[in-house]
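Here is the structure we will look at, set down as structure tokens.
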Amino acid sequence: MPVEPPSTSVTSGPLEVRRAGILLHVTSLPSAYGAGDLGPAARRFVDFLEAAGCTVWQMLPLGPTHHVDRSPYNAVSAMAGNPELVSVECLVERDLLDETHLDDLRSGSLTPADARLVAAERFLGGHGGQERAAFERWCVDNRSWLDDYVEFVALREHLDHAPWPTWKPGLRDREPEDVAAALAPLADRLAVLRFEQWVFAEQWQELREYAHARGVLLFGDLPIFVSHDSADVWASRELFRLDAGGQPTTVTGVPPDYFSAEGQRWNNPHYDWEEMARDGYRWWRDRVAGQRRLFDLVRIDHFRGFEAAWHVPADAPSAKSGAWEKSPGAEVLAALVETSGPGTLVAEDLGVITPEVDALRRRFGLPGMKVLQFAFDGDPDNSYLPAHHEQLSVVYTGTHDNDTTLGWWAEQSAEERRNVVAELLDPTEPMPWAMVRLTMASTATLAVVPAQDLLGLGSESRMNTPGTPTGNWSWQAFADDFDAPLAARLRELVEEHDRLV
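Numbering follows the numbering used here, in which position 416 of the sequence shown is assigned residue number 402; successive positions increment by one, without gaps.
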């Protein structure tokens, strides 16, 4: 593929025009029934976005999480939806639950998982009616990933959630007779798991149509790596660098950086790129196609891993002892862009970014990211400073991995604060809105503000602290947070900086 000249502007797709958006994961929506979900609160947030003049809702990955860390970046499946995002209120609307079930959920006498089970049993027991044919057709249409997912989850539950490399060899290695024998008594559970995925897909499609009708695009997040203990790796071992027992030979991570002096060890297995190339990267094509069925825009997390990835020996005590190893960036990205469509992918290009990584991103016309919290170290050449932003960018006050702007501001030294104030459009404006205004004023085609910054929240509301295993992913908004005065205040900034579509 010939090298094209560097691109600095967006020439096609949803980001041809200036837009504003809000970063809020679905689980952070307010709810009386546990974590946020795809129901009425999600639709009310779309209404808030419309009122605020924001045409992009960015969220984190939607896959089913592991119960230990709850991280959306460590999913049980790269293709499935998280059943915990299924709205119980929407199940009542479909007569698969009763109002009394909602009362039980509010009182804590019924869990959301139990409520989904009740709904599944009703549907599969005959309440499905004419929808049963649509459900069965959907299962057939999605069997390429659905069968692997439900079989993996059912077996994993049956084996007390033990990681798949510890299963007896016949199940670990997916010997057909062993798997069939183990699944035979789990037929009812397999049906429930399929129902949960279908309901997720149905509710998501309803939400997406609701958003589109109000001019709101949905912006998703695709982690470059997948969890070792996942349906993807169990079902496609040949695509990953594993030993005979299914364990990684090297694991993913990053060297020491802004977030950690020891580096970060993520423990995902690395890809066998040579094997993936044999069928034209079909696994990647299927994966990005699945994301595009959900989202209008997709962020590729840890984009630099397509140029070179940090390989940490499996027995190393920390990520510091890793080394960079080249990846087939142009080949796999050509497949991704062709499948996803022009102007629909965004590169998360934070961290150790070399000229080669930047050239790869520009070659395929992918917007990168600018995070203002990284801009004020006193270096006039800092690429995150507003003066160095390009249209081919998405700008943030901070991301889900950063502290909130108020929390960040509280930790800045006097010199760092002077650096910040020197860049503000209105030095007298209080934080965090001074940074929100600076974000909106950027030349970047899309400006995104985390919901916590709009709400003026401190460090206690931070979404994630990289390198820490607990206390993450749990922040949740209150029911009255996204009100009309806040929408009006934000809309004024959006319009002032020509982001009102």
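We put the CB at the ideal spot given by N, CA and C, even for glycine.
Only a predicted model underlies this, so the values are computations on that prediction, with no experimental measurement involved.
Given residue i as reference, the closest of the options once Cα atoms are compared
i, options, result
"Gly67", "Arg485, Trp394, Ala217 and His144", "Ala217"
"Leu441", "Leu410, Arg475, Gly291 and Ala427", "Arg475"
"Leu132", "Gln183, Leu225 and Gln189", "Gln183"
"Asp412", "Ala400, Ala427 and Glu402", "Ala427"
"Arg423", "Val12, Ala6 and His297", "Ala6"
"Ala101", "Leu157, Val78, Gly115 and Asp127", "Val78"
"Gly49", "Tyr257, Gly276 and Asn450", "Gly276"
"Thr385", "Met449, Gly266 and Pro149", "Met449"
"Met65", "Asn128, Leu24 and Tyr382", "Asn128"
"Gly249", "Tyr135, Asp33, Val338 and Trp259", "Val338"
"Ala463", "Leu443, Trp419, Gly453 and Thr454", "Leu443"
"Ala18", "Trp190, Leu88 and Leu24", "Leu88"
"Val54", "Asn458, Glu482 and His483", "Asn458"
"Arg142", "Ala300, Val165 and Ala247", "Val165"
"Arg30", "Arg80, Leu193, Arg251 and Lys154", "Leu193"
"Tyr196", "Trp394, Leu35 and Leu157", "Leu35"
"Gly232", "Thr152, Asp134, Phe289 and Asp484", "Thr152"
"Ala373", "Pro418, Met421, Pro234 and Thr429", "Thr429"
"Ala230", "Pro155, Leu103 and Glu409", "Pro155"
"Ala408", "Glu397, Met421 and Ala396", "Met421"
"Ile286", "Val318, Glu482, Asp265 and Ala221", "Val318"
"Ser(-5)", "Gly329, Thr383, Arg485 and Pro471", "Gly329"
"Val434", "Ser(-2), Thr41, Ser95 and Ala28", "Thr41"
"Pro455", "Thr(-3), Arg56 and Ser(-2)", "Arg56"
"Ala247", "Gly453, Thr(-3) and Glu482", "Gly453"
Residue i classed as buried or exposed, judged by whether at least 16 other C-beta atoms fall within 10 angstroms
i, result
"Ser307", "exposed"
"Glu446", "exposed"
"Ser14", "buried"
"Leu91", "buried"
"Pro58", "buried"
"Arg268", "exposed"
"Ser63", "buried"
"Val212", "buried"
"Gly324", "Here residue 324 turns out to be Glu, not Gly, going by the sequence shown. The residue in question, Glu324, is exposed, as its Cβ has fewer than 16 Cβ neighbours within 10 Å."
"Pro(-9)", "Summary for Pro(-9): the model assigns pLDDT 45, below 50, so the residue's position carries little reliability; its value from the coordinates is reported in the next sentence. Counting Cβ neighbours within 10 Å, Pro(-9) comes out exposed, since fewer than 16 surround it."
"Gln189", "buried"
"Glu376", "buried"
"Pro0", "buried"
"Glu163", "exposed"
"Asp84", "exposed"
"Val202", "buried"
"Pro418", "buried"
Own chain, CB closer than 8 Å to residue i, minus 5 neighbours either side, in chain order
i, result
"Glu293", "Lys312, Ser313, Gly315, Thr340, Glu342, Val343 and Leu346"
"Ala140", "Leu169, Leu172, Arg175, Leu176 and Leu179"
"Gly3", "The question names Gly, yet the displayed sequence has Val at residue 3. Excluding residues within five positions, the ones whose Cβ falls inside 8 Å are Thr431 and Val487."
"Glu401", "Gly364"
"Met488", "In the structure displayed, the chain extends from -13 to 487; residue 488 sits before or after that span and is not available."
"His147", "His53"
Closer than 7 Å: residue i CB and nearest the ligand MG heavy atom
i, result
"Val74", "The ligand content of the structure shown is nil, which means the ligand MG is not present either."
Proximal residues to residue i (C-beta, below 7 Å), its chain only, five neighbours per side dropped
i, result
"Ala465", "Pro16"
"Ser326", "Val274, Arg278 and Val284"
"Tyr370", "Lys356, Val357, Leu358, Phe360 and Ala361"
"Glu70", "Ala21 and Pro98"
"Ala38", "Ala473, Leu476, Arg477 and Val480"
"Val(-11)", "Residue confidence is low: Val(-11) scores 39 on pLDDT, short of 50, so the model does not pin down where it sits. No coordinate-derived value is stated."
"Arg108", "Leu82"
"Pro26", "Glu75"
"Leu225", "Tyr257, Asp258, Glu261, Met262 and Trp269"
"Arg158", "Trp150, Pro151 and Gly232"
Distance between beta carbons of residue j and residue i, contact taken as under 8 Å
i, j, result
"His255", "His198", "According to the sequence displayed, residue 255 carries Pro and not His. Not really, about 37 Å apart at Cβ, beyond 8 Å."
"Leu110", "Phe181", "6 Å"
"Asp469", "Thr391", "So it is not a contact: roughly 20 Å between Cβ atoms."
"Pro436", "Pro209", "Between Pro209 and Pro436 the Cβ distance is about 19 Å, and since that is not below 8 Å, they are no contact."
"Leu280", "Trp43", "Not a contact, Cβ separation roughly 12 Å."
"Pro241", "Trp296", "6 Å"
"Phe186", "Val72", "6 Å"
Own chain partners of residue i with C-beta closer than 6 Å, once the 5 adjacent residues on each side are dropped
i, result
"Asn253", "Val237"
"Gly354", "Ala333, Asp335, Arg347 and Ser379"
"Leu352", "Leu331 and Ala333"
"Asp490", "Because the chain in this structure spans residues -13 to 487, residue 490 falls outside the shown range and cannot be described."
"Ala305", "Gly239, Gly249, Gln250, Arg251 and Val298"
"Asn60", "His52 and Ser213"
"Trp461", "Ser14, Ser447 and Met449"
"Phe289", "Ala333, Glu334 and Asp335"
"Asn405", "Phe362 and Gly364"
Chain B within 8 Å of residue i, Cβ atoms only
i, result
"Gln359", "This model lacks chain B altogether, as it is built from one protein chain only."
Jot down the residue ranges of each uninterrupted beta strand (DSSP E) in the segment 322 to 357, minimum 3 residues, whole runs only, in chain order. 331 to 333 and 354 to 357
Give, in chain order, every unbroken run of the beta strand (DSSP E) that is at least 3 residues long and sits entirely within the segment 378 to 409. 379 to 382
List in chain order: all unbroken alpha helix (DSSP H) runs of 4+ residues lying wholly within the segment 207 to 262. 217 to 221
At 3 residues or longer, and completely inside the segment -8 to 74: list those beta strand (DSSP E) runs for me, N to C. 5 to 9 and 42 to 44
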